[in-house]
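Peer 1: One structure follows; several queries about it will come next.
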Amino acid sequence: MLLLTSPRIREHEITDRSVYLDRRRFLALGAAGALAMAALPARAAPLAAAKSGFTLAETLTTKEAVTGYNNFIELGNSKEAPAQLGPAYFRPQPWSVSVDGECAKPGTIAFEDLVSPHKLEERIYRMRCVEAWSMVIPWIGIPLADVIKRFEPNSKAKYVEFNTLVDPERLPGQRFSMYDWPYVEALRLDEAMNPLALLAVGLYGEELRPQNGAPIRLVVPWKYGFKSVKSIVRIRFTETAPRTTWMRIAPKEYGFYANVNPEVDHPRWSQGSERRIGEFLRRKTLPFNGYAEQVAGLYSSLDLVANF
Ligand SMILES: Nc1nc2c(c(=O)[nH]1)N[C@H]1C(S)=C(S)[C@@H](COP(=O)(O)O)O[C@H]1N2
Ligand SMILES: [Mo]
């Protein structure tokens, strides 16, 4: 497919070459993996959701691109690896999420019990990766704020941290890489309570596939994509700012806020424009990815200087 081979998008540009994992290396893991890969399920289970007011008058990125061109380093460092390896290795059931830290109702909750009290809604959001490409994705999910309220964060809780599963059997990228797993991301609590912040469990009318962060992942559309942590197993409320994965890997390149900002370039990628996957002409990048009206009030000018 043209978009997957475009020279404008270099693979593994987000991470160091030394940790780059190719498909052949994964296949070397064993015949079981190769067999599983040959028997990829062709589609994901359907998931019904009510339409919502969160929509856009922009063309949706195709389902093929949304589910075939991914960043999920635990499933490999190319854009194609997560869609190839995810369905073969990553079974996201059974699943539970543990909640701890500064809250009145900590505990471990089964995925089904986490989601079922809420009404699923479809929300069409832009997604902007720091690598300067973007998509428009019809997510299905539940408002993060409604989930957070159930755990009753206390007055000390200023941040909320999310961790991805650690399981090198199911996320084979964790077997090779020198990173310190889990993948950690976090929001300030007031950011997390913003109505735009979503916990997604599906997209395009189907349950999330492994490559998109099954069974539950964060979606914060006004921030660069790396904040939208996949396959969440832990939610933790903290008083001080958590150290996130990308801040640990490359502190000079990634900061805590990571709000989409065309004025502040990443050291390796200019952020003034972007390539919408499926389009040829570049688009101008919008402040807060086009969501300034909803979220600019969360930030003082001081926060914005520390954007990256
Ligand atoms: N656990 C985990 N979450 C992750 C990533 C990752 O490598 N590991 N990549 C991030 C990046 S850089 C982006 S752009 C988005 C991509 O989401 P998508 O593949 O569903 O479009 O997921 C984010 N969440
Ligand atoms: Mo990204």
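To convert a position in the sequence shown, counted from 1, into my numbering, add 6. We put the CB at the ideal spot given by N, CA and C, even for glycine.
Excluding the five sequence neighbours on either side, which residues of its own chain have a C-beta within less than 8 Å of the C-beta of Glu259, listed in chain order?
Peer 2: Reading the sequence shown from its first residue, position 253 is the one you call residue 259. Here the set comprises Trp252, His272, Pro273, Arg274, Phe314.
Peer 1: May I ask you to report which of helix, strand or coil DSSP gives Glu158?
Peer 2: Along the sequence shown, read from residue 1 onward, the residue named residue 158 stands at position 152. Coil at Glu158, not helix or strand.
Peer 1: Identify which residue in Thr246, Met133, Gly303, Glu299 has its Cα closest to the Cα of Ala192.
Peer 2: Along the sequence shown, one-based indexing puts residue 192 at 186. Nearest C-alpha to Ala192: Thr246.
Peer 1: Could you tell me which of Ser234, Pro248, Glu280, Ser84 sits nearest to Pro5, measuring between CA atoms?
Peer 2: Nothing about residue 5 can be read from this structure; the chain reaches only from 7 to 314.
Peer 1: Relative to the C-alpha of Thr61, which residue among Gly303, Leu304, Tyr297 is closest?
Peer 2: Locating residue 61 in the sequence shown gives position 55, counting from the first residue. Among Gly303, Leu304, Tyr297, the Cα nearest to that of Thr61 belongs to Tyr297.
Peer 1: For Arg132, does the count of other Cβ atoms within 10 angstroms reach 16, so buried, or fall short, so exposed?
Peer 2: Here residue 132 refers to the residue found at position 126 when the sequence shown is read from its first residue. Buried, because 16 or more other Cβ atoms sit within 10 Å of the Cβ of Arg132.
Peer 1: Threshold first: 4 residues or longer. Then list the alpha helix (DSSP H) segments lying entirely within the region 159-231, N to C.
Peer 2: Counting only runs of 4 or more, we get 179-182, 195-198.
Peer 1: If we ignore side chains and look at the alpha-carbon of each, how far apart do Ala44 and Phe117 end up?
Peer 2: Position 38 of the sequence shown, counting from 1, holds the residue named residue 44. Position 111 of the sequence shown, counting from 1, holds the residue named residue 117. For Ala44, the predicted structure reports a pLDDT of 47, less than 50, and the residue's modelled location is therefore unreliable. A value from the coordinates is still provided. Cα to Cα, Ala44 sits roughly 28 Å from Phe117.
Peer 1: Which residue from Val226, Val103, Ile143, Phe243 puts its Cα closest to that of Glu70?
Peer 2: Taking the first residue of the sequence shown as 1, we reach residue 70 at position 64. Comparing Cα positions, the closest option is Ile143.
Peer 1: The beta strand (DSSP E) with Tyr131 in it runs from where to where?
Peer 2: Here the question's residue 131 lines up with position 125 in the sequence shown. Per DSSP, Tyr131 belongs to the beta strand (DSSP E) from 127-134.
Peer 1: Tell me whether the beta-carbon of Lys236 lies closer than 8 Å to the beta-carbon of Thr170.
Peer 2: For this step, residue 236 is matched to residue 230 along the sequence shown. For this step, residue 170 is matched to residue 164 along the sequence shown. Yes, the pair counts as a contact, with Cβ atoms nearer than the cut-off.
Peer 1: DSSP three-state call for Thr244: helix, strand or coil?
Peer 2: Here residue 244 is taken as the residue at index 238 of the sequence shown, counted from 1. Three-state result, Thr244: strand.
Peer 1: Express the C-alpha separation of Pro293 and Leu209 in angstroms, rounding to a whole number.
Peer 2: Walking along the sequence shown from the start, residue 209 turns up at place 203. Walking along the sequence shown from the start, residue 293 turns up at place 287. Distance between the alpha carbons of Leu209 and Pro293: 25 Å.
Peer 1: Compute the distance between the beta-carbons of Leu120 and Val153, then report whether it is under 8 Å.
Peer 2: Reading the sequence shown from its first residue, position 114 is the one you call residue 120. Reading the sequence shown from its first residue, position 147 is the one you call residue 153. Against a cut-off of 8 Å, the Cβ pair of Val153 and Leu120 comes out as a contact.
Peer 1: Measure from the alpha carbon of Ile283 to the alpha carbon of each residue in Phe157, Lys85, Leu91, then state which is nearest.
Peer 2: As a working note, residue 283 is residue 277 in the sequence shown. Checked all of Phe157, Lys85, Leu91; the closest Cα to Ile283 is Lys85.
Peer 1: Mark Met141 as exposed unless 16 or more other C-beta atoms lie within 10 angstroms of its C-beta, in which case mark it buried.
Peer 2: For the purposes of this step, residue 141 is identified with residue 135 of the sequence shown, where counting begins at 1. With 16 or more other Cβ atoms within 10 Å, it is buried.
Peer 1: Would you say the beta carbon of Met133 is closer than 7 Å to some non-hydrogen atom of ligand 1?
Peer 2: Within the sequence shown, residue 133 is the residue found at index 127, counting from 1. Correct: Met133 has its Cβ closer than 7 Å to ligand 1.
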